[in-house]
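Novice:
There are 4 protein chains.
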Amino acid sequence: MIGVGVIGYGYWGPNLVRNFYETPGCRVVAVSDLNAERLVRARARYPTIDPVPDYRDLIADPRVHLVAIATPVCTHYDLAMQALRMGKHILIEKPMTGDVEQAQRLVEEAARRKLMLAVDHTFVYTGAVRKMRDLVASGDLGDIYYYDSVRVNLGLFQHDVNVVWDLAVHDLSIMDHLLPARPVAVSAAGLGHIPGEPENIGYVTFHFDSAVMAHVHVNWLAPVKVRRTLIGGSKKMIVYDDLEPSEKVKVYDKGITVNSAPSDGHAPGNGQRYAMLVGYRSGDVWAPQIDGAEALAVETRHLIDCITNNKTPIADGEAGLRVVRLLEAATESMRNSGRIVELSRSGVSA
Amino acid sequence: MIGVGVIGYGYWGPNLVRNFYETPGCRVVAVSDLNAERLVRARARYPTIDPVPDYRDLIADPRVHLVAIATPVCTHYDLAMQALRMGKHILIEKPMTGDVEQAQRLVEEAARRKLMLAVDHTFVYTGAVRKMRDLVASGDLGDIYYYDSVRVNLGLFQHDVNVVWDLAVHDLSIMDHLLPARPVAVSAAGLGHIPGEPENIGYVTFHFDSAVMAHVHVNWLAPVKVRRTLIGGSKKMIVYDDLEPSEKVKVYDKGITVNSAPSDGHAPGNGQRYAMLVGYRSGDVWAPQIDGAEALAVETRHLIDCITNNKTPIADGEAGLRVVRLLEAATESMRNSGRIVELSRSGVSA
Amino acid sequence: MIGVGVIGYGYWGPNLVRNFYETPGCRVVAVSDLNAERLVRARARYPTIDPVPDYRDLIADPRVHLVAIATPVCTHYDLAMQALRMGKHILIEKPMTGDVEQAQRLVEEAARRKLMLAVDHTFVYTGAVRKMRDLVASGDLGDIYYYDSVRVNLGLFQHDVNVVWDLAVHDLSIMDHLLPARPVAVSAAGLGHIPGEPENIGYVTFHFDSAVMAHVHVNWLAPVKVRRTLIGGSKKMIVYDDLEPSEKVKVYDKGITVNSAPSDGHAPGNGQRYAMLVGYRSGDVWAPQIDGAEALAVETRHLIDCITNNKTPIADGEAGLRVVRLLEAATESMRNSGRIVELSRSGVSA
Amino acid sequence: MIGVGVIGYGYWGPNLVRNFYETPGCRVVAVSDLNAERLVRARARYPTIDPVPDYRDLIADPRVHLVAIATPVCTHYDLAMQALRMGKHILIEKPMTGDVEQAQRLVEEAARRKLMLAVDHTFVYTGAVRKMRDLVASGDLGDIYYYDSVRVNLGLFQHDVNVVWDLAVHDLSIMDHLLPARPVAVSAAGLGHIPGEPENIGYVTFHFDSAVMAHVHVNWLAPVKVRRTLIGGSKKMIVYDDLEPSEKVKVYDKGITVNSAPSDGHAPGNGQRYAMLVGYRSGDVWAPQIDGAEALAVETRHLIDCITNNKTPIADGEAGLRVVRLLEAATESMRNSGRIVELSRSGVSA
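In order, the protein sequences belong to chains A, B, C and D.
First residue of the first sequence: 9, per my numbering; consecutive thereafter.
First residue of the second sequence: 9, per my numbering; consecutive thereafter.
First residue of the third sequence: 9, per my numbering; consecutive thereafter.
First residue of the fourth sequence: 9, per my numbering; consecutive thereafter.
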């Protein structure tokens, strides 16, 4: 029986507690929060769980094997490092840390101690993303051409992070999970409309070594909510609309056919000649049935299984690090007029 | 009675002929095309119009006062310059020319000869864009924060121009018409998936001197057709969806309110304190009735009025030049890894 | 301080408890359910509320002033009558009773004892329906021409009531609240696809004395979920789509104009002549901001206010009776091949 | 080479002429219309076609083998009967005639003379309806449970026919083509909002001998345009939305499973026990690629093939008669307070 301790009982913490509470093979032992009122609420809801005002007591508790951290980003590193040093497995909210260096240290520490380091990239446990992962991995889409995502709404403006860290983190975690290739460079543009506040609009472009391209548009100041991703492949294409109550993932049997037959006679720039070589396919559309299970429930079961059977979680520290690296690079580019930021220049191997 | 000659009777030319044909105050005198079959078709439909195999005869025809040019982009400059030199008013298909220098020369020649030089930015004559123009100009939206457009589909791949010149030209003509400010720099990223062919995906960012930002996403290889523009203002925001059969323009009385009251006591990074200063407004949504008249009919009437009464057309040579300048800068940036291209660096004043 | 007792802690009961719990001016004293496990759950969540296995104890409890009944329909009458006889105010789930006679008796008993009898027509307390009520009442729509509702999905088949009692009850409660006129006759058609089970498809038509018409389509066996109501008026028309996350109510400034000018010269059947007399108006569309407050919270506050200040609730026993009368008539018509059932023939004045 | 003559060159006639004009194996010989201006227009467009002021000349023309009739409904019978008597094959606009008796006489006359009598039920030649026909005929949907159609808009009010004859005729032609069973009775309700004018709202229910039900809602006075049909089957269900630019037909692998295992122990009304016997299936959604060819082009080719090879057309006189019979019965029911009209009672075998 894995003992679980949760630090942070604000917005997301209660969801972690509820899901670990209902996950077989583990037991939520303690919850910690600086806010006394939240602990009262946790206690009322779960009389068997210890409310712990000082997180150090939770980390030191020998009954706790897994520490789940749902606190502000700036505290992730310290809390996680302390818990690792106490020999605890870790689950951290996304983004894993506030910078690449911290993320790397956590990855190294966990590796050295042979502890599980997981990041709560919840979206990769949704039925929709799991289905898309299967479609990409099976080769049904063919070569991936592009990944394009729009995630905008009239949002809760954050004050400590910009819109890329707040919203694009979701897209990056999904992209990291779905795409076989990794970006090698990032460029980004953004703008803040409230003086002194971080950027509330961001456009981030991801460059790859191969003929793949990714782009994410995030915006806290949009009149409508949009959560829509297009994935283009050489064989099929996907529209993933997370706001659709059903048919979230649609697979289009559409594309182009390029006739690569020798056309030696044509002069360069002979548009007419080329034109005959490109064709369009348009077939059926298919919306596969999506598993509607709560993503976090799938995740907590998976994590307990990883600890119990010594497996690497789907969204591990490396995934968390890769996403933080992209977020950091995007922000660096945004602050430098969209200058391309090579990921190797961050001093970290991709 | 203004005499009109149309060069090019391929895809768009017949629409020009039909609309000028039905416009009071003018008369379509001649149509020219290299393709004999097309001339036969024009003749069958309009027995009163002269089919002219050699465009030079059309340009030289003293009955022709306005030459409308609907041929491939690479021919625009030569045809227009010849016609201007024969003292003809000009309407050119968009994009006006293939490069900035040509566009400038046409603008100068027309100015010197006091001839009308119009570019067929058809969208600015639609009911939807005219309504949005009124909304922006009246100040109803407040300060403009951003302009974001997505124009994607499984498209007719072009061979002589990339997707930005083919699709983004529409957005740029609309943006040029709607926004009070002009971009000062452009950056762009794009990718081609067919070897030897131009880019079929493009993301173009437009930078301004003020706190405005514009972005256009164009793609010939998308599974679904999208024509959607978001315009954010400090007071109201617009969603313009050109595929909606009705309610193309929706005005959202939504936004943020920023309390600029002194908050001197707060420590840096005190998110809680800041958080109270940003509020959200969410009011009614309003879809104004849109004039459904054919845009090209509005345009041809407008142009005949301009010639008759010596007025400057809404989409004049300057507008055509500005759009070409943006297209050229976007392509330059795309070919240089997204490097920012300052518009003054193009040697042209914005 | 009004004491509230809730009978039934199954699907809806917990919502009643939660909302009364948070309503100022009242206190939830006791909850009753035949199922012991549910009482344990209620106790765990609300330690201050008494779990009462025998509802008679709840009804007899002098601390209870208002009894809320959320049990199967067939038990409503007995529970409510017993509670009324103990001098309690009543809130009953919809439909109020299983037949008209029971509903009438409850109305009479409550009137005699001067007790509040309310029916939980939750929809009439939603922001959307309240907004539509204002629009109808203010005369903005003009004369009401029709009310048309579709409420279909792949549903939980019920075994004790047909789809009309299960789904159309919502529409009838809304219609009863919105329309100034009352139906005078009902006809209905329906079909059951599972032998021995009640009808799972129903089409119900409501006839009025005036030029109004209402129709409700309900279906438990539809591939998609639809919740859409059209309300036609002589001046404006409404589309109410309850599945829209925003813009649930759209007001269309559309309609026909009938030129009633004397046209004495025309012969009967002269279509051409008539044709010139009918015109079409098409103006703006407007989606008013809708109060997003939880309907049940609005309702519980309203009911406590009614008891405290001796007012008649919006959805009172008369409203509950009128809805039951329509449901009964619809079922009678359905079982008689769609024969028109006059509402006066039910022996009840409308 | 089949010679074609078209009578009526108003709204639909030009479409007939254009499509026959482009159909191999036939030649449009003559067009007739009472309106001289329309004949001028036809002549200008098709110089090879004879404009014929008097339709009798067209009917008598020995070069004409097929007479297509696109005139007001009230003239269909006379024109068609005269043409049949001159030995011509016939295509008549829908609805075929204004009453059942006329339709029967035309069917009999055509049969006696061994001439083709076709009705222009254009929808049955669309890619969408042909695809649905295949799905129904192949048994993929299982047993058909219901057919439900909504066809509403702010429409052109007609003066000589009510909304059922004008709009429901489309649904009836589709239903007649798709459903294996034929209705045995009809009931309908409707209302007119303009004094002296026909009904502008109609609800028509079709009853069958088997457990099938059909319903059509038509309305000329709706704020939005809807063209949506639901078809429920025991295995799969269809949503057919004719306004969707793509994905017009969606097939839902959804439904209920009924466990018919003996449940001898249960008492009547024991909902719990029954409840366990009904299950819900929810699988993939599939939007098959639809042939986008113009329906009328498919139809004209089919008709020329039928004449040439002596085949019976898909939409023959019998189909036209069946649809007229349903329209007549619906109107009869509407004028009799929704009384069920048995189709055998119309004196016509179904």
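Ideal placement from N, C-alpha and C gives every residue a C-beta, glycine not left out.
Note that the structure is a prediction, hence the values are computed from the model and not measured.
1) Given this structure, state the Cα-to-Cα distance separating V361 of chain A from A337 of chain A, to the nearest angstrom.
2) Would L351 of chain B and V194 of chain B be called neighbours here (beta carbons separated by less than 8 angstroms)?
3) Return no unless some Cβ of chain B is closer than 8 angstroms to the Cβ of S290 of chain C.
4) For H215 of chain B, which residues does DSSP report across the bridge?
5) Quick one: list the residues of chain D neighbouring M245 of chain C, beta-carbon separation under 9 angstroms, in chain order.
6) Closer than 7 angstroms to a non-hydrogen atom of the ligand FAD - does that hold for the CB of T320 of chain D?
7) Going by beta carbon distance, what residues of the same chain come within less than 6 angstroms of S8 of chain B, once the five residues before and after it are set aside?
8) Can you tell me the Cα-Cα spacing of S341 of chain C and L335 of chain C, whole angstroms?
9) I'd like the span of the alpha helix (DSSP H) that includes E326 of chain B, first residue to last.
10) Per DSSP, T265 of chain C forms a beta bridge with which residues?
11) Taking the C-alpha atoms as reference points, what is the distance between H225 of chain B and G210 of chain B?
12) Does A305 of chain D come within less than 8 angstroms of chain A when only Cβ atoms are used?
13) Since N161 of chain C is in the beta strand (DSSP E), which residue starts that stretch and which ends it?
14) In whole angstroms, what separates the C-alpha of E307 of chain C from that of Y133 of chain C?
15) For S181 of chain C, count the other beta carbons within 10 Å of its own beta carbon; 16 or more makes it buried, fewer makes it exposed. Which is it?
16) Could you tell me the alpha carbon to alpha carbon distance between A219 of chain D and E255 of chain D, rounded to whole angstroms?
17) Is the stretch 184–199 of chain B touching the stretch 139–155 of chain B in the sense that three or more CB pairs, one from each, lie closer than 8 angstroms?
18) Under 8 angstroms, Cβ to Cβ, is there at least one residue of chain D near E255 of chain A?
19) Consider the Cβ of L114 of chain C: report whether some Cβ of chain D lies at a distance smaller than 8 angstroms.
20) Quick check on E30 of chain A: buried or exposed, where buried means 16 or more other Cβ atoms within 10 Å of its Cβ?
21) Please report how far the alpha carbon of A38 of chain B lies from the alpha carbon of F28 of chain B, in whole angstroms.
22) Contact criterion: CB-CB distance below 8 angstroms. Does V192 of chain C meet it with respect to chain D?
23) For the alpha helix (DSSP H) that P177 of chain A lies in, which residues bound it at each end?
24) Just the chain B side, please: which residues come within less than 7 angstroms of I294 of chain C by C-beta, in chain order?
25) Out of B:G18, B:C34 and B:Q90, point me to the one whose CA is closest to M9 of chain B's CA.
26) What is the DSSP secondary structure of M104 of chain D, counted as helix, strand or coil?
27) Could you give the distance in angstroms between the alpha-carbon of G135 of chain B and the alpha-carbon of G325 of chain D?
28) Out of A:V286, A:M221 and A:Y260, state which residue places its alpha-carbon closest to the alpha-carbon of K233 of chain B.
29) Give a yes or no on whether the minimum CB-CB distance between Q297 of chain C and chain B is below 8 angstroms.
30) According to DSSP, is N227 of chain D part of a helix, a strand, or is it coil?
31) Between the alpha carbons of P59 of chain C and D168 of chain C, how many angstroms are there, rounded?
32) Candidates C:L149, C:G200 and C:H178: which alpha carbon is nearest Q166 of chain C's?
33) Could you work out which residues of chain D lie near K262 of chain C, taking near to mean beta carbons separated by less than 8 angstroms?
34) Using a Cβ-Cβ cut-off of 8 angstroms, state whether S218 of chain B counts as contacting chain E.
35) On the premise that Y17 of chain D lies in contact with R46 of chain D, defined as a C-beta separation below 8 angstroms, what is that separation, rounded to the nearest angstrom?
36) May I ask you to report which of helix, strand or coil DSSP gives I98 of chain A?
Specialist: Let's see:
1) This structure does not reach residue 361 of chain A, given that chain A is present from 9 up to 358, and the question cannot be answered.
2) Within the second sequence, residue 351 of chain B is the residue found at index 343, counting from 1. Within the second sequence, residue 194 of chain B is the residue found at index 186, counting from 1. Taking 8 angstroms as the Cβ cut-off, L351 of chain B and V194 of chain B qualify as a contacting pair.
3) The residue labelled residue 290 of chain C in the question sits at position 282 within the third sequence. Residue contact with chain B for S290 of chain C: present (Cβ-Cβ distance below 8 angstroms to some residue of chain B).
4) On the second sequence, position 207 is the one that residue 215 of chain B refers to. Answer is B:A193 and B:M221.
5) Numbered from 1 along the third sequence, position 237 holds the residue referred to as residue 245 of chain C. At a C-beta separation below 9 angstroms, M245 of chain C has these neighbours in chain D: L162, L229, A230, P231 and V232.
6) In the structure on display, the ligand FAD does not appear, and there are no ligands present to speak of.
7) As displayed, chain B neither begins before 9 nor continues past 358, which places residue 8 of chain B out of reach and without an answer.
8) Residue 341 of chain C sits at position 333 when you count from the first residue of the third sequence. Residue 335 of chain C sits at position 327 when you count from the first residue of the third sequence. Per the coordinates, the alpha-carbon of S341 of chain C lies some 10 angstroms from the alpha-carbon of L335 of chain C.
9) For the purposes of this step, residue 326 of chain B is taken as the residue at position 318 of the second sequence. Looking at the DSSP string, the run of the alpha helix (DSSP H) that includes E326 of chain B is G325 to M342.
10) Sequence index remark: in the third sequence, residue 265 of chain C carries index 257 (1-based). Looking at the DSSP assignment, T265 of chain C forms a beta bridge with C:G287.
11) In the second sequence, the residue the question calls residue 225 of chain B occupies position 217. In the second sequence, the residue the question calls residue 210 of chain B occupies position 202. Note on geometry: alpha-carbon atoms of H225 of chain B and G210 of chain B lie some 6 angstroms from one another.
12) The residue given as residue 305 of chain D occupies position 297 in the fourth sequence. Chain A contact via Cβ: absent.
13) Sequence index remark: in the third sequence, residue 161 of chain C carries index 153 (1-based). If you look at N161 of chain C, you'll find it in the beta strand (DSSP E) that goes I152 to L162.
14) Position 299 of the third sequence, counted from the start, is the residue given in the question as residue 307 of chain C. Position 125 of the third sequence, counted from the start, is the residue given in the question as residue 133 of chain C. Going by the C-alpha atoms only, they are around 6 angstroms apart.
15) Numbered from its first residue, the third sequence carries residue 181 of chain C at position 173. With a threshold of 16 other beta carbon atoms within 10 Å, S181 of chain C meets it and is buried.
16) Numbered from its first residue, the fourth sequence carries residue 219 of chain D at position 211. Numbered from its first residue, the fourth sequence carries residue 255 of chain D at position 247. Rounded to whole angstroms, A219 of chain D to E255 of chain D spans 29 angstroms at the Cα level.
17) Note that the stretch 139–155 of chain B touches the stretch 184–199 of chain B; at least 3 beta-carbon pairs, one per stretch, sit closer than 8 angstroms.
18) In the first sequence, residue 255 of chain A corresponds to position 247, counting from 1. Interface annotation, E255 of chain A: in contact with chain D, CB-CB separation under 8 angstroms.
19) Taking the third sequence and counting its residues from 1, the one referred to as residue 114 of chain C is at position 106. No, L114 of chain C lies away from the interface with chain D (no Cβ there is under 8 angstroms from its Cβ).
20) The sequence position of residue 30 of chain A within the first sequence is 22, counting from 1. So E30 of chain A counts as exposed.
21) As a position in the second sequence, residue 38 of chain B is number 30, starting the count at 1. As a position in the second sequence, residue 28 of chain B is number 20, starting the count at 1. A38 of chain B and F28 of chain B have their C-alpha atoms spaced approximately 12 angstroms apart.
22) For the purposes of this step, residue 192 of chain C is identified with residue 184 of the third sequence, where counting begins at 1. Chain D contact via Cβ: absent.
23) Locating residue 177 of chain A in the first sequence gives position 169, counting from the first residue. Before going on, a small fix: residue 177 of chain A reads as Val here, not Pro. That run of the alpha helix (DSSP H) goes V177 to L186.
24) Taking the third sequence and counting its residues from 1, the one referred to as residue 294 of chain C is at position 286. Checking the sequence shown, residue 294 of chain C turns out to be Trp, not Ile. Within chain B, the C-beta atoms nearer than 7 angstroms to that of W294 of chain C come from D292 and W294, in chain order.
25) Along the second sequence, read from residue 1 onward, the residue named residue 9 of chain B stands at position 1. It is B:C34.
26) Here residue 104 of chain D corresponds to residue number 96 of the fourth sequence, with the count starting at 1. Looking at M104 of chain D - three-state DSSP - the assignment turns out to be coil, as it is neither helix nor strand.
27) Along the second sequence, one-based indexing puts residue 135 of chain B at 127. Along the fourth sequence, one-based indexing puts residue 325 of chain D at 317. About 46 angstroms.
28) As a working mapping, residue 233 of chain B is identified with position 225 in the second sequence. The candidate whose alpha carbon is nearest that of K233 of chain B is A:Y260.
29) Translated into the one-based positions of the third sequence, residue 297 of chain C becomes position 289. True, the Cβ-Cβ gap to chain B drops below 8 angstroms.
30) Taking the fourth sequence and counting its residues from 1, one reaches residue 227 of chain D at position 219. In the structure shown, N227 of chain D adopts extended strand secondary structure according to DSSP, grouped into three states.
31) As a working mapping, residue 59 of chain C is identified with position 51 in the third sequence. As a working mapping, residue 168 of chain C is identified with position 160 in the third sequence. For P59 of chain C and D168 of chain C, the distance between alpha carbons rounds to 28 angstroms.
32) Position 158 of the third sequence, counted from the start, is the residue given in the question as residue 166 of chain C. Each of C:L149, C:G200 and C:H178 was checked against the Cα of Q166 of chain C, and the nearest Cα belongs to C:G200.
33) Working through the third sequence from its first residue, we reach residue 262 of chain C at position 254. Those within 8 angstroms of K262 of chain C in chain D are L162 and P231.
34) Although the question refers to chain E, the structure presented lacks it and instead comprises the protein chains A, B, C and D.
35) Residue mapping note: residue 46 of chain D aligns to position 38 of the fourth sequence, counting from 1. Residue mapping note: residue 17 of chain D aligns to position 9 of the fourth sequence, counting from 1. Contact check for R46 of chain D and Y17 of chain D: beta-carbon distance about 4 angstroms, within the 8 angstroms limit, so the pair qualifies.
36) Start at 1 with the first residue of the first sequence, and residue 98 of chain A comes out as number 90. Residue state, collapsed to three classes: strand.
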